[in-house]
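Asks: This is the structure, below, for whatever I ask next.
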Amino acid sequence: MNWVWWVFAFFMAGGFAKVVDAGRKAMSTRHARKMERLESVRRERLELEAAQRPPEPVCGCTHHLAKHDKRGKCHEVTQVPTAWDEERKPVAFEPGQCTCQQYVGPQPLSQVFAEELTDRA
Numbered sequence: 407m408n409w410v411w412w413v414f415a416f417f418m419a420g421g422f423a424k425v426v427d428a429g430r431k432a433m434s435t436r437h438a439r440k441m442e443r444l445e446s447v448r449r450e451r452l453e454l455e456a457a458q459r460p461p462e463p464v465c466g467c468t469h470h471l472a473k474h475d476k477r478g479k480c481h482e483v484t485q486v487p488t489a490w491d492e493e494r495k496p497v498a499f500e501p502g503q504c505t506c507q508q509y510v511g512p513q514p515l516s517q518v519f520a521e522e523l524t525d526r527a
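The sequence shown begins at 407 in the numbering used here and counts up one residue at a time.
Now the structure itself:
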């Protein structure tokens, strides 16, 4: 029964505070690691979903190709600068028509006609 008094004295002196702090720190570390794991699983799921999506048909003006007519004229409204400061940076904008012409790059080689190369003149 004498050991009970020693445990009581140890408890009163704050000896269990270190045990409680160690437990609290361990639980905090466990929680942080669990949250990191959940976040990495969420990021991986989003990356897989993005990889499964087909590429968006986007023009060089960053508008979807559905915003262009058959001739390639863009019908999206953009912000057009109307005033500039002394460093030639725009300071005022107003809505205006996008001026791109749906350039999609050079013509593919399979559609280009090339004559055969021969030594005949």
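Ideal Cβ placement from N, Cα and C applies to all residues, glycine included.
Please read these numbers as outputs of a predicted model, since none were measured by experiment.
DSSP on residue 453, reduced to helix/strand/coil?
Replies: Three-state DSSP puts residue 453 in a helix.
Asks: Alpha carbon to alpha carbon, what distance is there between residue 437 and residue 449?
Replies: Straight-line Cα distance between these residues: approximately 18 Å.
Asks: Quick check: what's the CA-CA separation for residue 505 versus residue 476?
Replies: Computed Cα separation, rounded: 15 Å.
Asks: So for residue 498, helix, strand or coil by DSSP?
Replies: Residue state, collapsed to three classes: strand.
Asks: Does the Cβ of residue 474 have 16 or more other Cβ atoms within 10 Å, making it buried, or fewer, making it exposed?
Replies: Buried: at least 16 other Cβ atoms inside 10 Å.
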